[in-house]
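All remarks here apply to the structure that follows.
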Amino acid sequence: MAVIKLQRPKLNFGEKIYFGALIKGFFLTMTHAVKSLRGKSAGADSLASSGLGVTMQFPEQRWDEHLPEYYRGAPTLVTDEQGRERCVSCQLCEFICPPKAIKITPGEIPSDDPWAKVEKRPKEFDIDMIRCIYCGMCEEVCPEQAIFLRKDYLITGLKRADMVHDKDKLYQIGGVRTGLVNKWNELK
Amino acid sequence: MPDLIQIAIILVKIVALTFLVVLPLVPISVYFERRFSAVIQDRVGPNRVGIPLSLFGFKKDFHFFGLIQPMADGLKLFLKEDFTPAHVRKTFYWLAPVLTVAPALITVCVIPFGSPITIFGHTEKLVIADLDIGPLFVFAVSSLTVYGITLAGWSSNSKFPFIGGVRSTAQMISYEIALGLSIIPVLMFFGELNLGKIVQYQADNGWLLLPLWKNGHFSLPDPQTALFWIPAAISFVIFTISIFAETNRMPFDLPECETELVGGYHTEYSSMKFALFFMGEYAAMVIGSALIVTLFLGGWSVGFTADKWIQGLHIGGFHFGGLIHLTAFVGKLVVFILFFILVRWTVPRFRYDQLMKLGWVIFFEAALINVFLAALILAAPHLTIAILGIGTVLLVVVTAAVIWVAKVSEESPKILRA
Ligand code: SF4
Ligand code: SF4
């Protein structure tokens, strides 16, 4: 390995005295202070600042409309346009989930159900939002396009139990998604 | 009976000045520290803690710009577990936090907070103990804080705190000298060690760094005072920087530098004991600024010849000018604390050898030469031209020699073997 000898830069007298640099530093910090008090910090506009620095003050102001298309929020279950639960409880997502946040109890669809030919749907489907790391693996692995990461990010609770999203909650957040998987349609 | 009244008055002064003026300044400076640093870094800082009216069904919370944040912090520290590790030396471990706070608060007693107030014909000075050795007392007591820090480092019985404690000792010793030497010119100028009288003199004859009035009238300073401005300014710079080092504030906070020493001397402390260290640091900062303001910036005096008039204000027999002066003093103090904070967020931390070099090679010599310069200027009217000339030449020679020595000492040693 080649040895590189670094030469320290030679400082001139002004730099050695150090006071000039101090004064420059004060000017720099004070300019920042004044600018941020006037709400004119660099980037204040594009970051939708609250008028003090570049910070957006959270509960009053939200970043929601700026969230990018690919934002990964809470994983949710979706129904299709006919109101059918898309999930067939294949449990692939349960197995792929890195922190083991998903717990599925598979159930059978009774034969008198209009969707009897799908045969399976989850009886229970819990996602523990304390464990979830919003990686999106579940969405990627799902063969039925049944689980999606939505843009919800405010997931709070007062106890651990509150943080477990059960099936109802998941469908409630997830809503309806159309298209993509049509193999279970009447027409087919 | 009069003795009892005297004691009562002193007690009232202690409580009022320590607990109602200085101690509240500690949380306020913590608040300013956080808000000001936030503003410098384009952030907002703590602005939420207040009275949660919305809990009681009101529409909006009261948050006073977050001014209550330090109290919430204090409460948090109170409620935290006070954990004493098994491996510490208990007595000293318990003693150390007290030893950092107590000296800082004791020094309060010689600081003049305002001009005397008169009630019912009884004049009372706004200083707890009107000592004739003010600055000496402050140095003597405040240098005790180093024991707190060193004991904390040693008694924690673990490596990082120990290094922190040792560093702090070395730092305090090095800067104490520059600190003491740097105010000698000031004391020579006033010919007085009583802080109260020093401030009174500045109120009448112009602040040390702003000598623009004399005997209550605007006037340009006489040549001697004008010349003395130079050593005074040098003193001011050295004194201020040494105070930074004494209080372990940012450019010199090596005893607790987080990047190298985890938390420095208070690594093993938790809860209220940690809070005491924290408070001690800020109290020392408040006292340090108070001393600087008192010696160089006119203490409680409002300046610009307004002081006589303010002292004369009264309602009946109640001369309340002192209270206005108290406000002026606290105002100056807050401004200086803001300066402390600005420095903290501007200047990066020094390396340890740079710190030592600054203390021993630069400030010590500079302060020493400054003493002679000040002496020469003060004695000039009594000396013949010849002696003055010799003195000046000597001073220049000595200065040049010192600069030369400092320069030589900086050269890296020759490598004997390649
Ligand atoms: S959500 Fe998708 S991957 Fe998970 S069990 Fe249902 S169908 Fe399978
Ligand atoms: S997003 Fe990742 S962690 Fe969360 S449930 Fe899906 S697979 Fe598990």
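Residue numbers (the numbering used here), protein chains in the order written: chain W, 24 to 211; chain U, -2 to 415. Backbone N, C-alpha and C fix where the C-beta goes; we use that ideal spot for every residue, glycine too.
The continuous beta strand (DSSP E) containing residue 130 of chain W extends over residues 125 to 131.
An exposed status is given to residue 120 of chain U, since fewer than 16 other beta-carbon atoms sit within 10 Å of its beta-carbon.
Chain-order list of chain U residues neighbouring residue 59 of chain W: 36, 39, by C-beta distance under 7 Å. No Cβ of chain U is located within less than 8 Å of the beta carbon of residue 30 of chain W.
With respect to residue 393 of chain U, residue 182 of chain U sits apart: the two C-beta atoms are not nearer than 8 Å.
Contact residues of the region 340 to 354 of chain U toward chain W are 342, 343, 344 (C-beta to C-beta distance below 7 Å).
In this structure, the beta-carbon distance from residue 141 of chain U to residue 96 of chain U falls below 8 Å. Per the Cβ contact rule, the region 193 to 201 of chain W is not in contact with the region 115 to 128 of chain W (fewer than 3 Cβ pairs under 8 Å). Judged by beta-carbon spacing, residue 85 of chain W lies beyond the 8 Å limit of residue 207 of chain W, meaning their Cβ atoms are not closer than that value. If you check the CB distance, residue 150 of chain U and residue 94 of chain U do not come in under 8 Å. The Cβ atoms of residue 337 of chain U and residue 246 of chain U sit closer than 8 Å to each other.
Straight-line spacing of the CA atoms in residue 259 of chain U and residue 136 of chain U works out to 30 Å. At least one beta carbon of chain U lies nearer than 8 Å to the beta carbon of residue 76 of chain W. At least one beta carbon of chain U lies nearer than 8 Å to the beta carbon of residue 80 of chain W. Across the structure, residue 158 of chain U and residue 253 of chain U are spaced so that their CA atoms are roughly 8 Å apart. The shortest C-alpha to C-alpha distance from residue 46 of chain U to any of U/36, U/277, U/67 is the one to U/67.
Within the chosen limit of 7 Å, ligand 2 reaches the beta carbon of residue 159 of chain W through at least one heavy atom. For residue 131 of chain U, the number of other beta carbons within 10 angstroms of its own is at least 16, and it is reported as buried.
At a Cβ-Cβ threshold of 8 Å, residue 114 of chain U and residue 123 of chain U count as neighbours.
Not one beta carbon of chain U lies nearer than 8 Å to the beta carbon of residue 36 of chain W. Setting aside the 5 residues that flank it on each side, residue 166 of chain U is surrounded in the same chain by 143, 146, 147, each with a C-beta closer than 8 Å to its C-beta; the list follows chain order.
At a cut-off of 8 Å between beta-carbon atoms, residue 48 of chain W makes contact with chain U. In the three-state reduction of the DSSP assignment, residue 77 of chain U falls in the coil class, being assigned neither a helical nor a strand state. For residue 98 of chain U, the closest of U/281, U/231, U/263, U/160 by C-alpha to C-alpha distance is U/281. In terms of beta-carbon proximity, residue 89 of chain W stays away from the interface with chain U, with every pair separated by 8 Å or more.
Contact between residue 99 of chain W and residue 173 of chain W holds, with the beta-carbon distance rounding to 5 Å and staying under 8 Å. A direct Cα-to-Cα measurement between residue 374 of chain U and residue 220 of chain U gives close to 10 Å.
In this structure, residue 160 of chain W and residue 120 of chain W form a Cβ contact; the two beta carbons are roughly 6 Å apart against a cut-off of 8 Å. Residue contact check for residue 64 of chain W against chain U: a CB pair falls below 8 Å.
Inclusion of residue 109 of chain W and residue 147 of chain W in the CB contact set at 8 Å is not warranted, their separation being larger than that value. Neighbours of residue 193 of chain W in chain U, taken as residues whose beta carbon is under 8 Å from its own, are absent, since the nearest beta carbon is some 31 Å off. Nearest C-alpha to residue 407 of chain U among W/39, W/111, W/154, W/80: W/39.
When the five nearest sequence neighbours on each side are left out, the beta carbons in the same chain lying within less than 6 Å of the beta carbon of residue 105 of chain U are those of 15, 19, in order along the chain. When Cβ pairs closer than 8 Å are counted between the two stretches, the region 193 to 203 of chain U is seen to touch the region 290 to 298 of chain U, the count reaching three or more. What residue 169 of chain W touches in chain U, judged by beta-carbon distance under 8 Å, is nothing: the nearest beta carbon there is about 40 Å away. Set against 7 Å, the gap from the CB of residue 345 of chain U to the closest heavy atom of ligand 1 is not smaller.
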